[in-house]
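Numbering (this note's numbering), first residue to last: 1196 to 1314.
Note that beta-carbon positions come from the ideal geometry of N, C-alpha and C, so glycine has one too.
Structure representation (structure tokens):
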């Protein structure tokens, strides 16, 4: 039962932060609206949350967006505390989702191999 609550809270945090990005509630020019939170990893005690951010943009732009999100972490936490009905709001840390970027790189390599085999 506790695991379900944990996963539900992770999904809710992801949903709220993605909505904040899309609706431009976070007012930072460095934040690209095409980024999205791909995963949330909540600590067992629900005191900390690591949010993995992914994008189809180049890595430099993604890192700028992650830095913009990290600088707005206090504002985002405040908004989460208003929307989540929990005793405590987790402290947020934003990181680049390297798994997403690696999968894109592998996909491009496979596509290149396919084109070479056909040609």
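Residue from the options with nearest C-alpha to residue i
i            : options                : result
residue 1210 : 1256, 1235, 1298, 1291 : 1235
residue 1275 : 1265, 1266, 1286       : 1286
residue 1214 : 1198, 1231, 1279       : 1231
residue 1261 : 1271, 1248, 1253       : 1248
residue 1241 : 1223, 1218, 1203, 1270 : 1203
residue 1273 : 1238, 1208, 1198, 1254 : 1208
residue 1227 : 1270, 1258, 1304       : 1258
residue 1233 : 1303, 1293, 1302, 1301 : 1293
residue 1299 : 1253, 1277, 1225       : 1253
8 angstroms contact criterion, which residue i and residue j should meet: CB distance rounded
i            : j            : result
residue 1251 : residue 1288 : Their Cβ separation, rounded to whole angstroms, is 23 angstroms, which puts residue 1251 and residue 1288 out of contact at 8 angstroms.
residue 1246 : residue 1212 : 6 angstroms
DSSP state of residue i mapped onto helix, strand, coil
i            : result
residue 1244 : strand
residue 1196 : Because the pLDDT of residue 1196 is 47, which lies under 50, any placement of that residue in the model is unreliable, and the number read from its coordinates should be weighed accordingly. Correct three-state label for residue 1196: coil.
residue 1292 : coil
residue 1234 : strand
residue 1279 : coil
residue 1226 : coil
residue 1249 : strand
- Per the contact definition of three or more C-beta pairs closer than 8 angstroms, is the stretch 1264-1271 in contact with the stretch 1295-1309? no
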